[in-house]
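Here is the structure we will look at.
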Amino acid sequence: MSSHNTAKIEVDKSQFAERNVSHHFVDADQEFDSCKMGMWLFLLTEILLFGGLFVAYVVFRTWHPETWEAGAEHLDWKMGAVNTGILIASSVTMALAIRQAQLNDKKGTVMLLLATVLLASGFLVVKYFEYTHKFHLGIFPGGDNYMFPGKHLSNEFIYFSIYYMMTGLHVLHVLFGMAGIIWVTLRAAKGEFYSAYYTPVEMVGLYWHLVDLIWIFLFPLLYLTK
Amino acid sequence: MSEAGTNYINHEKGIMSWLTTVDHKRIGLMYLWSAVAALAAGGFFALMIRFQLMSPENDLISKQTYNQAFTLHGVIMVFLFIIPSIPAALGNFVLPIQVGAKDVAFPRMNLASYYIYVVGSIMALAAIALPYFIEGWKPLDAGWTFYAPYSKQTAGPVILMTMAAFVLGFSSIFTGLNFIVTIHKLRVKGMGWYKMPLMLWALYATSILQVLATPVIGITLLLLAMERVLDIGIFDPAKGGDPVLFQHFFWFYSHPAVYIMILPGMGVISELISTFCKKVIFGYNAIANSSIAIAVISFFVWGHHMFLSQQTTFSSMVFSFLTFGVAIPSAIKIFNWVATLYRGSIDLKTPMCYALSFLFLFTIGGLTGLYLGTLSTDIILHDTYFVVAHFHYVMFGGTVIAFFGGLHFWWPKMYGVMYNEFWGRLACGIIFIGFNMTFFSQFFLGSTGMPRRYHSYAGDAHVAETWKSMSGLSTMGAVILGCGIAIMFINLLISLKTGKKAPRNPWGATTLEWETQSPPVHENFEEEPKFTREPYSY
Amino acid sequence: MLNNTLAMLPELLPPEASTFAKDTDSTFMFITWVCIFFFVLIVGLMTYFVVKYKRKSEDEVTPNISHNLFLEIIWSVVPIILVLFMFYWGYVAYAKMMDPVAVLGEDGGEHIDLYVNGKQWSWDITYPGGFTINSKDSLKMKNEEEFTWSPKELISEGKENNITSYMTVPVNVPVRLSMTSNDVIHSFAVPAFRIKKDVILNRNAIIWFKATKPGLYIYTCNEMCGIDHGHMIGYLRVVEQDEYDKFMKALDVPLPPEKQWAAGKKLYLNSCSACHSLDGSPRVGPSWKGLYGKKGHKMVDGSTVDVDDDYIRESILNPNAKKAEGFGAAVMPIQKLNEKQLSYLMQFIKSPDKDPNTKPENK
Amino acid sequence: MSAHDHHNPSTHHPHVMPLSMYFGVGFGLIILTVLTVWTAKFMPETIEHYTKMKITPTIAIIIAMFIASIKAALVCLFFMHLKYDKPLNRLTFISGLFFLSLFFIFTLADTLTRDTNPTPAVHSYMPEEFKTITGKPPTPYWVPAWVGYDDHGHKIGSHDGHGHDHGDHTGHDHDHGDHAGHDHGDHEGHDHGPKDKK
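Residue numbers (our numbering), protein chains in the order written: chain A, 411 to 636; chain B, 19 to 556; chain C, 6 to 368; chain D, 1322 to 1519.
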């Protein structure tokens, strides 16, 4: 599979630190492929980790559809939609950052990575407002803590248990993803990534897209239940 | 490349060179001795249980201590010993050499996996020890299955222990991930998939399970911890949750997990039987494919742990049907191994003795699984000593015996010394006898209805004698078994001091690890390995 | 010869004491013979090969037998057929056990409905009439008596109350157990009947069985449920119909006087405490503190009554006939109590603070 | 590539995509998000207005999941480069979905057939513990696609006149007792809210 504009890019040695392949790999392709496959396997574990929560979601939703509808009333779908947009935008900037790394554009890579971090923090800010609003209403995770004073169904807290578990775990992943992005940003700023070696950017990118992927499902499942 | 006489053990010196090593062989050894330590701890709790159950109304240890003993026996043996024993210890050591690579694909991740294992072990130890030091804490007594809602209600340090298991899960995932990528990407030139040693097939199948199943136990334990912290009500029937759902979650991992435990054992046995018969393995493709088949089918069958747990009859039926699907590939493997013996040149060295006792014990373990997969007979046997006996025949008689066999098989490669054959074989014989005494008697206990996890037992008039005599026999066997294992390890350890120097290929085996020196050099091969002959070509 | 050898082995299965036992046991024995066959085949061949082909010299050459399609097909297909049989028989028997209404007939015949309630760490079995037998009693009783214990002797000796320590079912009558748990998961198992099922809080489980053989059998909890899990066992009797009738009659004998007040308190805690306090504070209904003996108790309609036995009796059996002032809006459900329970409860209402039997001068 | 240039990293050549692809996919994702919101929030009213057809939650969730799957596929194929990647990585991803689906199928095979569990026998001597078991164990509630819901989230046709006003976040009226009963009213979890007797 040959592609349009590969191999013609000259590496500016003053800008980039050339990297050697790890001792136990035969060549750079083998290293890249191994890392990528490893990353995909890791993403599989993430999918199955969230899978458990999705199963719990489906089970309880099929048992208590009315609880789900009542619970979703308390969520602000507009905030969810904004967050979806933010994550999609961050996915685009992340994908572009990888592209710029492939094209030896150090500055572009760093800027795009920073933009991704910024968007991710935007996501967290919106999430913060959502959570505090719910706490304000008395909607805390867990059966004993749930003290929403308005009318509700007796088992409505289960909806919020699952809501908090899903979004909480997702927020944790956002945080891990941000840490990863900041790490590759620093390395990119040192000029460690260029057309022949951008594996960490690609790996962190894959992880970040997974975070987006999961939100793509969480949004309609949690916010658009009516 | 390297001077004569250097190897991976003396290549670098000092404790730090071990703690910071990324050499898969050294990591394998560190895993090995950690797992052996776990075996000792788990064995200690096992003996505690057995002495308590020696006679019916015994009060050697309190109920609380007894419940703690069986919980910790389970947790330690499953999470700290069996799961890392063959893949992370032996597998780590031989897998990269067998594929002809210098190391696993991600050496640093491999080390991280070991340290995560250590952290998980420390957490588990803390969960064991802290209740004795902290006011208000009770020993852990939920059983290794942590069934909700009891695990939510008990005063033991359930959160600490589930988090330990959660952390250990990551260690397991990292090992599996590493192995899959290593087998896929780092095989030496010329080694096609169906030219790999069967050990690699087994480890590959195991790794698939580790990567796919372990995250689910992760989320299960996380939810259980949340259930205790926040009372989220997903598993707690008092809150409208469903404890049966917990069991689905739990067994989605834990059923494949028993194949994580047994598959590598099967891989070891394939190597042993072929080597010590000096004969091509019978039905290579069948054995290789059945490993993968077992790995995949094991995901379909978890519900057979739940036939009586108010799972619906419909899904019990489905699960029972599929469960028999896993029996077939296991049976095929056994038949192939026996067929390999036919017209072989059978050399009864210690590893082969273990392989033969594996065949004997695993056959019993596998066949008694049929009772438990069949719906109506499972009603009698579910949650009785029959299950305990079956499980130990598969896990101990299968995995641990294979682990011991593999340990003897690769010992010369690991340390470059030969152990004493006489004591090795004697220990194998003692273990075999002790094991059968311990666990065969438990089949009778179980079929007559003695429930598991009972601190004392009376039995009704019809079976009281059976229960008493069989339990006593079982305890006697456990002592013999413990002695056998002690002899085995002492023999191995003595060989480190006094053993003859091992040649490159003491057994006349055909796989790549025997073409390098014993012990291997730092990056495994003195010169680039070449795949010149297929495995099992004698 | 074979039978003698088998007789030396420990018992393989508990006695067959229910209609399910035959189906289950025949499947069990089928599997056992399959297992023995394959075990002997595999281990026999293994031993034979090991003896026959033991290595004689280091440079032996072995034949290159890589596979044999015919053999491999045989040893795949034969086990498949065998396990299909196991599955089928297992499923048929299991389905019958899990929902045997079709066999035993829900309305087609007589059956006894019992309620089994698992709690940490004993079983409560509730009989028609609301009598509850606790598994701990049978445990105590069995430890005191010899294994040759005979219910007939006990009755003739006038120890009726001992009979009521055991869960008792008649022979050849279908019994339906509705089972639930008070706390964690338990598992109700009667090995001799070949029945077992987990019980879960807020969830009902049903087991049907028909006992076929009189005797004394053990029942156990099979799911780890806490510190005393190992003591959550009990004994049940299977008796002929006439003895069962005697058992039911023995249940009906009033409690000894010293236990009546406690029984009343238990009823209060189960059924009344949600609405009636004992400390004087009003809940949905009036408090019972100082209620008994009160003169001129005001009613909603302005009339007054004296709180005596008759009034309390009426208030329990027909609660909304006369409503106390201040509680007009409350509707008390009609209580289904039998005469004995009523008298126990009334004893409690008369003296909610302490058991009058312990201090006779209070009477 | 020979095995000799061990330390020459430039043997790896990236596969660079055109910018238009990234922006195109990003734009597509935003459009699909808007579409999801519209189908969930506004489409039912629109359709009902013109055709008098009720869009049930089941239909709505199927549509939403369908759109979400398209979005996920876009992210996987283009952003995560699966479309241009090695078949092995695609297989890896698909195998993950396969095993996840096993998890779903077999768990739901149990939870959705739970109504075959029988109710307790009803007699006057039924102990207290059984009275709290209301009807069935968690009833599988497989909402048929043709069953509609009214504004209060109740199944259309179940007229028990017990309207819940979920929008009223501060409502402290007579229903407060319902809330207080929530702590021990666990069994109500198995009941359908509107049918609560309180």
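Note that the Cβ used here is the ideal one computed from N, Cα and C, for glycine as well. Note that the structure is predicted; figures quoted are calculated from it, not measured.
Residue i: contacting residues in chain D (beta-carbon distance under 9 Å)
{"i": "HIS266 (chain B)", "result": "PHE1424, PHE1427, THR1428, ASP1431, THR1432"}
Listed by chain order, chain D residues near residue i by CB distance under 8 Å
{"i": "GLY321 (chain B)", "result": "PHE1427, ASP1431"}
{"i": "GLN329 (chain B)", "result": "ASP1431"}
{"i": "ASP118 (chain C)", "result": "ALA1442, HIS1444"}
Proximity of residue i and residue j at Cβ, strictly below 8 Å
{"i": "SER309 (chain B)", "j": "ALA407 (chain B)", "result": "no"}
{"i": "GLY231 (chain C)", "j": "TYR168 (chain B)", "result": "yes"}
{"i": "VAL581 (chain A)", "j": "LYS537 (chain A)", "result": "yes"}
{"i": "ALA58 (chain B)", "j": "HIS91 (chain B)", "result": "no"}
{"i": "HIS9 (chain B)", "j": "HIS29 (chain B)", "result": "This structure gives no information on residue 9 (chain B), because the portion of chain B shown stretches from 19 to 556."}
{"i": "THR432 (chain C)", "j": "ILE138 (chain C)", "result": "Residue 432 (chain C) is absent from the structure shown; chain C starts at 6 and stops at 368."}
{"i": "TYR369 (chain C)", "j": "LEU256 (chain C)", "result": "Absent from the model: residue 369 (chain C). The displayed extent of chain C is 6 to 368, so no value can be given."}
{"i": "PRO175 (chain B)", "j": "TRP162 (chain B)", "result": "no"}
{"i": "TRP478 (chain A)", "j": "TYR569 (chain A)", "result": "yes"}
{"i": "ALA557 (chain B)", "j": "SER444 (chain A)", "result": "Missing from the structure shown is residue 557 (chain B); chain B here goes from 19 to 556 and no further."}
{"i": "THR225 (chain C)", "j": "SER23 (chain C)", "result": "no"}
Closest by C-alpha distance to residue i, when choosing among the options
{"i": "GLU436 (chain B)", "options": "B:VAL136, B:THR38, B:TRP525", "result": "The question names Glu, but residue 436 (chain B) in the sequence shown is Met. Comparing Cα-Cα distances from MET436 (chain B) to each of B:VAL136, B:THR38, B:TRP525, the minimum goes to B:TRP525."}
{"i": "PHE427 (chain B)", "options": "B:PHE376, B:SER375, B:PRO369", "result": "B:PRO369"}
{"i": "THR39 (chain B)", "options": "B:ALA130, B:GLN86, B:VAL112", "result": "B:ALA130"}
{"i": "SER62 (chain C)", "options": "B:ARG246, B:GLY362, B:LYS351", "result": "B:GLY362"}
{"i": "VAL2 (chain B)", "options": "B:VAL199, B:THR330, B:GLY210, B:ILE201", "result": "No answer is possible for residue 2 (chain B): it lies beyond the span of chain B, which begins at 19 and ends at 556."}
{"i": "THR358 (chain B)", "options": "C:ILE36, C:LEU76, C:GLY220, C:GLU16", "result": "C:LEU76"}
{"i": "LYS201 (chain C)", "options": "B:ILE312, B:LYS297, B:LEU230, B:GLN328", "result": "B:GLN328"}
{"i": "PHE464 (chain A)", "options": "A:THR595, A:ILE592, A:MET576, A:ASN430", "result": "A:MET576"}
{"i": "PHE136 (chain C)", "options": "C:LEU221, C:TYR171, C:ILE79", "result": "C:TYR171"}
{"i": "ILE1602 (chain D)", "options": "A:THR503, A:VAL436, A:VAL520, A:THR455", "result": "This structure leaves residue 1602 (chain D) out entirely; chain D is present only between 1322 and 1519."}
{"i": "ILE299 (chain B)", "options": "B:THR24, B:ILE27, B:GLY23, B:TYR554", "result": "B:TYR554"}
With 16 other Cβ atoms within 10 Å as the buried cut-off, status of residue i
{"i": "MET488 (chain B)", "result": "buried"}
{"i": "ILE1477 (chain D)", "result": "In this predicted model, ILE1477 (chain D) has a pLDDT of only 47, less than 50, meaning its place in the structure is not dependable; the value taken from the coordinates is given anyway. Its Cβ having fewer than 16 others within 10 Å, ILE1477 (chain D) is exposed."}
{"i": "ALA349 (chain B)", "result": "buried"}
{"i": "ALA243 (chain B)", "result": "buried"}
{"i": "ASN227 (chain C)", "result": "buried"}
{"i": "GLY1498 (chain D)", "result": "Model confidence at GLY1498 (chain D) stands at a pLDDT of 34, short of 50, so the residue's coordinates are unreliable; what they give is reported in the following sentence. By the neighbour-count rule (16 or more Cβ atoms within 10 Å), GLY1498 (chain D) is not buried but exposed."}
{"i": "PRO1465 (chain D)", "result": "With a pLDDT of 48 at PRO1465 (chain D), under the threshold of 50, the modelled position of that residue is not reliable, and the figure given next carries that caveat. Under this definition PRO1465 (chain D) is an exposed residue."}
{"i": "GLN246 (chain C)", "result": "exposed"}
{"i": "HIS473 (chain B)", "result": "buried"}
{"i": "GLN425 (chain A)", "result": "exposed"}
{"i": "GLU483 (chain A)", "result": "buried"}
{"i": "THR516 (chain B)", "result": "exposed"}
{"i": "ALA106 (chain B)", "result": "buried"}
Interface residues of chain B facing residue i [CB-CB closer than 7 Å]
{"i": "ALA530 (chain A)", "result": "Going along chain B, no residue has its Cβ under 7 Å from ALA530 (chain A), so there is no contact; the nearest lies around 23 Å."}
Residue i: contacting residues in chain B (beta-carbon distance under 8 Å)
{"i": "LEU17 (chain C)", "result": "PHE462, SER465, THR466"}
Anticipated Cβ contact below 8 Å, residue i with residue j, distance rounded
{"i": "PHE627 (chain A)", "j": "ALA1389 (chain D)", "result": "5 Å"}
{"i": "PRO19 (chain C)", "j": "HIS480 (chain B)", "result": "6 Å"}
{"i": "LEU195 (chain B)", "j": "LEU451 (chain A)", "result": "5 Å"}
{"i": "LYS327 (chain C)", "j": "MET304 (chain C)", "result": "5 Å"}
{"i": "ILE94 (chain B)", "j": "ALA142 (chain B)", "result": "7 Å"}
{"i": "LYS516 (chain A)", "j": "ALA598 (chain A)", "result": "7 Å"}
Cross-chain neighbours of residue i in chain D, by beta carbon under 7 Å
{"i": "GLY135 (chain C)", "result": "TYR1446"}
{"i": "SER278 (chain C)", "result": "Going along chain D, no residue has its Cβ under 7 Å from SER278 (chain C), so there is no contact; the nearest lies around 11 Å."}
Beta-carbon neighbours of residue i, restricted to chain A and to distances below 8 Å
{"i": "ILE315 (chain B)", "result": "The premise fails here: ILE315 (chain B) is roughly 18 Å from chain A at the closest Cβ pair, so nothing lies under 8 Å."}
Partners in chain E for residue i, counting only beta-carbon separations shorter than 7 Å
{"i": "ARG1435 (chain D)", "result": "In summary, chain E is missing from the structure at hand, where the protein chains are A, B, C and D."}
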